Every structure is written in structure tokens, then in C-alpha cells.
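Protein chains in written order, with our numbering: chain H, 264 to 580; chain Y, 20 to 308; chain X, 3 to 537.
For glycine and all other residues, C-beta sits at the position ideal for the given N, C-alpha and C.
Since the structure is predicted, the reported quantities are computational estimates derived from the model, not experimental observations.
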């Protein structure tokens, strides 16, 4: 018990430290570097007094550290600032677009895991035989196609099925859940395919390596069936490193979704991001970046903790 | 005789390809890559038309003898644009990886060698960078600093450095306790010399696949950024930009999508096959000596 | 499945059994060539031979654990009179664990690191139909007691990485014996263990063989182990048995020249010539003075564990020219001591005076003592660079050639890479790297343990010539008491991080006073004796 507590404490400290570094990067990028925000907002014709008063209003005349802490405090209470382009709280903008991005990512993740695991298990049963070769080749090609290219190609190919996949039409989840899923399906598949290839390759080699381990010999000598060995020994040991890989993939999926929604015209966080960039809406950008980075930090740490729960060697030295 | 010995380099890197499958993979990849390089080289001296020359009378023409790959929505020759765009793909990927490698080596080798608090600090930094989804970080950097080629390269370099740092750090930790490194430490060889001359050459087996895959991923990123309008600026051509322009014409002018997509995929796939080839060879008993 | 056939005298009969593996260069490479073998019920049967002779494949064939590529070309294997090859795979699999048990060589990796011991052992019973949890637990506890765990409760909940190599091997034995098999196949089970642990495992196996009536097939390349443990032995070469019989007869008077050469190669004392080392003069100023030194590894950040001291309060002196032997079981701190003296670890307490002495170090593993990315020339130049020794090109060339000749390596080897040299040659390069700086003290940490007898003898000769030429003192750490007894003038015995005994070699070995020394000498004696000497 004592070791577990010590371990959780260590992880919590690491988490907070990472969060601090990440938040500082974000803050620095948007507040310190671009120069004087107030004059940017007001444009070149503003008088010095107007700039000064806006500065005071936005709290930009206070020392940097204080600005940072204020910002940080605000962030954790949900206040990510006011968007200069839309004049509404950043958090509301994010909340509006969240279902799209969240839906795509979740769906993509489910597809990736659901497809690559069985593929990997099948492939590893008879390495280098038919199923394995076929999967590997398809995987190689799929890996090389960027998601947005894939989406364009798929749209090209399935333009007959335009109506079926409801491309371009988006339903909010509360209005029509079935339609919601439908509209997210093709985009999620586009994001998922390269990742399936990646995870499949990794899982396959990981399973094959584990199968060759010494402790598998012991289990065979104990008379266990191949299936039992797979379930009891091979997969749990594979999962140890799979968790880390999946967390990285999830982070990639988030990135991928930002791009794919362009092609499919979905109102998600990606579009919001681009609008913020083109209008130099720094509060919006810093809020969004921090939010997404926070999500990633949380994902990595959940993965880390899961990893250590599964593998006792890391927990109990 | 003594002079000859002194001049002989004491270590060389020579990829010995021993496995058939690995060899085929490597060769296939190299051919694919070679093709793209060839296109680039030719484009330096010759393109059928000026890639940026617009021609309002020749909009959206399908491939023909005059324009082998057709024309785009501004009347520009697609083939010429494809050839011209190859230089961005190659330049950005290689320059970006070079930056990522340098940063990665700085972080990874030192963190793995010295360990302790220094290691934890570097890992904290590196993990924090990893916490920003790659595209996000690159987009942000470009948003803040402007979207010039150099900024894109630097941004991507920073984004990729943590993964190299990680590979190098893990490798350094694994090797640090081997006897030959202990010998070097006992002799009190300069730590940086140990890192670069003693440890690094042994990490090449792990590093080279990472570098090649990194090149491929960097190309993906760059094309994604151009696709979103944040990479190279018009009128310059880049595959991502071409695809972005082509979005509105998906069903009417498929050649606008097919050719850029093909070149992009060819480059990435080529890199990927090379990486696979090296990996297969070195894991099945071939050596990098 | 559980047919009670008439109990034949021989539990295993292999008849004209041939096995092949597909190979890239040769098509089908024969591994076992019309093998004929009979193992008497209740006996302990040893199989020896060099690596590649097919002994492991024989065991795997009996246990039906052959890899998929293996192809059986003919013959049969009878177990209890029943043909194994004509059984269906399902029945054959059920034999495993139930009638036939197997234990392997690497106890460190033979247990699933994610499973607790109770679950790992329990699966044997579960897969053979035992369902009741209490029954499973009581059987496991009983078996753990048999293999020597006095407190089985504490072990059940542990993970493998929390146990030592010897403990893990005992658990593997428990797992193999849980269902009271009639045959236990042991594939090099003690090769990775030190002498004292090896003897205790062998004694355990022997007692189990007697009390539970288990026949044992014991595979090893170590003639000493087979000699003291097995009733019968068979010598294998190139997939066939060339000699077999009662152990003492085969090892004392071998009938075939191959067996004779095997014996010669394994016994170091046959190969050691009249190398000798200088006797030190104890009135000279000591080279090295260690007083009350403690050392260990740094504690970890964020952990309440402070500096973990491995060695405590060590004090001793070393004099010029002398050979000081350091012996002790695994984990006693010998390597930590070596690392502290050569500067890799800083002492946490006490002092160490080195009197401006150049130190050379030779470590154990010839596989990793050289940097794979650089050639030998580079290896010899590095020490010169590190110590900033500047020589002209001519001088450097002469020094390199002279050094290579001193370690009996051709100067043309300078351009070779480590993987192009054998283990013994690499060890010699490691010594050359020391030599080039003309050290006054060489620390040798288990330099012989990974080498075969002739390479070890070469290395020993080298050390002896260095000792003579340069008056170099040698701190020799080794678990091979044979070698230590031939070369050291003084010896120190370590246990649990302290020096428990030290003195002149002859005194300590003749009448040891510490328990650790007694155990070591006793284990060594048993290893070199007859099978019946084991209790």
C-alpha cells in the first residue's frame, strides 16, 4: 500500500509540473511574444490613449508574472477569456464545437482498436503466411496516406454514395443522434485508417515478441492451450506497451481531426482554430491551445497510470 | 605504413543488407524516393511551363498532350506545379528533421547519460512539447511568428525533437551500463566524447528507422499545414496547397487531386519502405558496421 | 489418456528418431540423426555435449514442445510404452504438466512478470481440471514447502521480480512437479546460478527424485554438474549419442576420443600450466589502502530511500605485485567493491588511498567489453587519448604492435571489429587496453566466467606475464575457487557487503573460519565429487 501511495504522489507531482510548463508555454506564446496586443486589436489608427485604456481594461499593464497567474487562475475556473473576433467567451465557443471533435476522436479510437487488435492477433498466429502478408501490405500503404488525402480520395470514389454518408450535412447529437453518428462516420474512418496500420504493425510485432518469451515456454510446459496462453499471458504483456502507443495515437487523432473536418465541412474545433489564426484572435487561440494541450496531458497521464497499474515492475521496485 | 594506419578512419557506417526481403524493401523504397528526387532535379532546370503562370483561357482542362497532367482552376500547368512543388517537400522534410535531430541529440543523449534531476528536467520539457498535438504546435508557431518556410521548418523541427530525444535517451540508458562504456568512464574520457563517439554510433540501428519515419511524418505535417493554408504561401506550389485548391473540384476535375496525391504518397511510401528495409535487415542479423 | 500400461523398465525409449529443420543454405538440416536412447525409470539421466549437438531438441521432442518448423523424419518416442508420435495433439498437450514436467535454463525470464506466484502456479492445476480454489491453494503451499520455502504464505502474493534467481528456479520446479509427474526434464537449470545455489537446487532435485519417484532427464554442458548429480550420462555429438553409461565410468575412463576432449576442455586444472605469480613484499608501502569504506547506489529522486549501501565498513590493503583474491556468493558486494575502487562509484563513507596508481580494469563479459561500432585500433588509441599521452606516429605504431604481440594477437587484427573476434580474443583486447597504460594495479572482475577452459587459461597466462613484467598487482574477483586457489597469495571472503574473513590463501582454504567461506568451499567440493556424495 505504501508503495502505491508513494507512486501516486510521484505521478501527481509530475502531472502538475507538466501542466505548469505547458500552460506557461501557451501563455508565453500568445501574450509575451506577439508584442503589444492592444495595438493589434485596435489597429494602426488608434490613438495612444485608446491603446492605453484598452490595455488597462485587458489587464495588460500589470507585471508579466501577475498576468500569467491571473490567466492561470481564470483558466482553471473555466474562464478562458473573451474572444476578440466573436466577442463571446472563449469557453462557450469551444463548448459549441466540442461534440464534433469529441465525437470524431472517440469514434476513430474505437475503430482503430476494434480493427487492429483482431488483425494483429490473426496475423501473429501464422507470421508471414497469407493473412499476415495481405494485412501487412495493406497496412503499409494505408500508413502512408495522409488523412486529408484519404478523405479527398474517398469522397472521389464514393461520390455516388454521397447521400448515404451525408457528407456536408451535420446533425447535432441532441437533435438526431443517429444522424450525428452518420455524419461523423466517414471522417472518423479517414482518420482511423493510417492509425490502424500503425497500431496493427506495432501490436503484431509485440505479440510475436511476447510469444517467443521464456515464460511462454513455461506455460506451454504446464500444458496450457494456445488460446489460454494468448489470453492469460501474451495479451496482458503486450498491453503494457500498447497503452503508451495508443495514447500517442490518440494525440495524433486529435490533430488529424482538426484537419479532416475541413474536407468534410464539419463545424468542429479545427475550423475555430483556423478562424482564430486568420483573425489573430489571441485569447481564442491561447484558450483553445491550452484546452487541447490539457486534454493531451490528461490522456498521457491516464495512460501512464494505467501502464503502471498493469505492470507491477514499475510500481513495486 | 604508419601513415596509412593513422589516416584510416577508425569507424565507418556501412549498411550491410543481408536479408532478401529487407533488400527488396530497401530498393523499392529507394527507387520511389529516387523518382521524387529526380523530378526535383529536373525541375531546377526545366519545367514544361512556368508553374506560376496563369492562363485564363485554359482553366480546368483535362490531361492532354499539351498539358500532360491538365490545368488547374487558374490555368496553370499541373505537371509543372507538381515538379516545382517537389522541392518544398524535400527541403522541409530534410531541414526539419535536421533540426529535430540536433535538438533531440542535445536532449536525449545528455539526459540518458547523466540521469538524475537533469534527466527529469529534460524529460519534463520534452514531454511538455509532446503534450501539444503536433499539428497544433506547428499551427500555433506559424500563427504567432508568421508563415514563412523557415518558421514552418523550425516549428516542425521542435515538434519532432521529443521523439528523437526519447529514442536516444532510451538507447543511451541501455548502453550506459555496458562494459565498454564503463571502461570509458573509468578512463575519464570527456563525457561529450563518450556520448557522441562511444554511444551514438551504437544507436544508429534504432535511430535510422526513426529518422526515416520522421521524414515521412514531417512531410505529412507539412502537407497538412499547406492544406490548411498555413504552409507555403501562394503562388508557390506545394502538394498540400494543390490539394486544398482542388477541394472544390473533386468530382469535376479529379486530376487535380490524383497527381499531387500520387506524388505525396510516393514520397512517403518510399521513405517508409526504406525504413522497413533497414529495420528488417538489422533485426535479422544484418549489421550496420 | 490415463492408460495404465504395463510399467516398463524404461520410462522413455527413443528409437531411430530423426529430426530436421529447414535451413536457407542447406534445404533440410538434420538436427537429430537416428537417435537411440533409453532412460530407466527412477534414474537421474544426464545428457552432455557442446552447444548445437541436439540435446535440447531431444528434450523438446519428448516434451512435444518442438517449434513449428521442425520436421520429424522417422523413428518413434515411447513414453511408458506408449508411442508419443501416434498420439493426437490434444492428448499429448495434456501429458505436459501432468506426466511430464519441464524446467528451463533462464529462471530470470521464465516467469510471467505480470503474474503473482499463486496465479502462475495455479494455472497448472486449473488447466488440468482442478477447480476448487482451496484445493489449489493447499497443493501449491505443500509444493512450495517441498522445494524449500519455509514461509509459503509470503511467496504466494509476490511477483517474480521480487525474488532471486535461485528462488525463481525453485518456483519453476514446484510448478513442474505440482501434478506429480513421472518424468522431469531439466534443460540446463543451473547454468545461470552461482555455485552455492546450484548445489542447493541439485540437492533439492535429488531428494524429490527419491521421495516422489520422479525420473529425471538432466541436460547440461557443465561436466562438473553432471558428474556430481547424474546416475547415468550420455554424450551427444551432431545429433547422435556416441557414448553412454554409468556416470563415474564415463567420466573416469571415457571410451571415445570426443568424450576425452570434452573432459580435457572442461577441467581447468588440466590446462593450467606452471604459471605463477610473484609473491609480494608486505613491508613495502601499500598500493591501495581502504579504510571503513561504504559504497552503494544513489537513492532515487522523490523516494524516501536514502543511499542504498551495498558494501559497509570495508578495510583492507593491497601491496605491489600481489594477487589478492576476492570470493563470495552472488550479491555479496564484490562487483560494487570493484566499481568503487576504479572510480565508477563514490564511497559514501570511509577513505580510499590510491597513491597515484594507474589502474587497469578487466570485466566479465567478453561480449560487451568492446564497443561494437569501432575497430580494435580505435580501442587501443582511446586510453592514450584519454590520458592525453602524446606520441609521435612512429612511437604510437610501435606501441600498438608491441601491445598486440604481448597479448598474443596478430597486429593485423587491429583493423578488425569486435564481432569478428572470438570471446577469448576480445578478452585479450580488453587486457591490451589496460596494458597500453602500463598499470600498477589491475582489477579483474570475474574475467573467466564466460570463457571456456582454454581461453581462460590463455587469459591467466597473460595476467601472469603482466604481473612479472610490470610488477602489477591484481585484485582478482572470481567465484571460480579453482583458479583463485592457484594464483592468489592472499584471499578475502565477502558476504552481505562486508569482509568476513581474510588471510593467506593456504590458511583460509585449509581451515575457513567464516560460515560464508565454509559454504563456498563445501559447495565446490560437492561439485567435484561423485553422484553419491550429494545428500
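- For residue 492 of chain X, the enclosing beta strand (DSSP E) starts and ends at 492 to 497.
- The Cβ neighbour count for residue 169 of chain X, taken over all protein chains shown within 10 Å, is at least 16; the residue is labelled buried.
- Residue 196 of chain Y and residue 363 of chain H have their C-alpha atoms roughly 49 Å apart.
- Within 7 Å of the CB of residue 418 of chain H, the CB atoms of chain Y belong to 269, in sequence order along the chain.
- Taking a C-beta distance under 9 Å as the contact criterion, residue 464 of chain H and residue 391 of chain H do not qualify as a contact pair.
- A Cβ of chain H is located within less than 9 Å of the beta carbon of residue 99 of chain X.
- Within the model, the alpha-carbon separation for residue 124 of chain Y versus residue 179 of chain Y is close to 12 Å.
- Straight through space, the alpha carbons of residue 367 of chain X and residue 260 of chain X are spaced by roughly 28 Å.
- Not a single C-beta of chain X is nearer than 9 Å to the C-beta of residue 132 of chain Y.
- Residues of the segment 216 to 246 of chain X with a Cβ closer than 9 Å to any Cβ of chain H: none.
- Buried is the label assigned to residue 171 of chain X, since at least 16 other Cβ atoms lie within 10 Å of its Cβ.
- In the three-state reduction of the DSSP assignment, residue 128 of chain X falls in the helix class, which pools H, G and I.
- For residue 209 of chain X, the uninterrupted alpha helix (DSSP H) run begins and ends at 197 to 214, by DSSP.
- Beyond the five residues adjoining it in sequence on each side, residue 291 of chain Y comes within less than 8 Å, by CB distance, of 48, 231, 232, 235 in the same chain, given in chain order.
- According to the DSSP secondary-structure assignment, residue 140 of chain X is paired through a beta bridge with no residue.
- Classified as exposed, residue 25 of chain X has fewer than 16 neighbouring CB atoms from the shown chains inside 10 Å of its CB.
- Under the three-pair Cβ rule at 8 Å, the segment 112 to 124 of chain Y does not count as touching the segment 80 to 100 of chain Y.
- Separation of the CB atoms of residue 485 of chain H and residue 99 of chain X is rounded to 4 Å, and the pair is thereby assigned contact status at 8 Å.
- For residue 403 of chain H, the chain Y residues whose Cβ falls inside 7 Å of its Cβ are 291, in order along the chain.
- Counting along the chain, no alpha helix (DSSP H) covers residue 32 of chain X; the unbroken beta strand (DSSP E) around it starts and ends at 29 to 42.
- In this structure residue 207 of chain Y is exposed. Its beta-carbon is surrounded by fewer than 16 other beta-carbon atoms within 10 angstroms.
- Taking 9 Å as the threshold, the shortest C-beta distance from residue 534 of chain H to chain X does not fall below it.
- When the beta-carbon positions are compared, residue 329 of chain X and residue 194 of chain X stay at least 9 Å from each other.
- Of all alpha-carbon atoms in X:441, X:183, X:483, X:21, the one lying nearest the alpha-carbon of residue 197 of chain X is that of X:483.
- In the DSSP assignment, residue 216 of chain Y is bridged to no other residue.
- Against chain Y, the beta carbon of residue 363 of chain X has neighbours under 7 Å at 202, 205, listed in chain order.
- For residue 481 of chain H, the residues of chain X that pass the 9 Å Cβ criterion are 104, 105, 106, 112, 113, 114, 122, 174, 177, 178, in the order they occur in the chain.
- With contacts defined by Cβ atoms closer than 9 Å, residue 428 of chain X and residue 420 of chain X form a contacting pair.
- Within chain X, the C-beta atoms nearer than 9 Å to that of residue 221 of chain Y come from 373, 374, 375, in chain order.
- Taking 9 Å as the cut-off, the Cβ atoms of residue 364 of chain X and residue 449 of chain X count as close.
- Counting along the chain, residue 450 of chain H sits inside the alpha helix (DSSP H) bounded by residues 440 to 474.
- Check the Cα spacing between residue 190 of chain Y and each of Y:229, Y:103, Y:159, Y:176: the tightest is with Y:229.
- For residue 15 of chain X, there is no enclosing alpha helix (DSSP H); the enclosing beta strand (DSSP E) has its first and last residue at 12 to 25.
- By the Cβ-count criterion, residue 422 of chain X is exposed, with fewer than 16 other Cβ atoms from all chains shown falling within 10 Å of its own Cβ.
- Of all residues in the segment 337 to 352 of chain X, only 341, 344, 345, 346 place a beta-carbon less than 9 Å from a beta-carbon of chain Y.
- DSSP lists X:219, X:234 as the beta-bridge partner residues of residue 47 of chain X.
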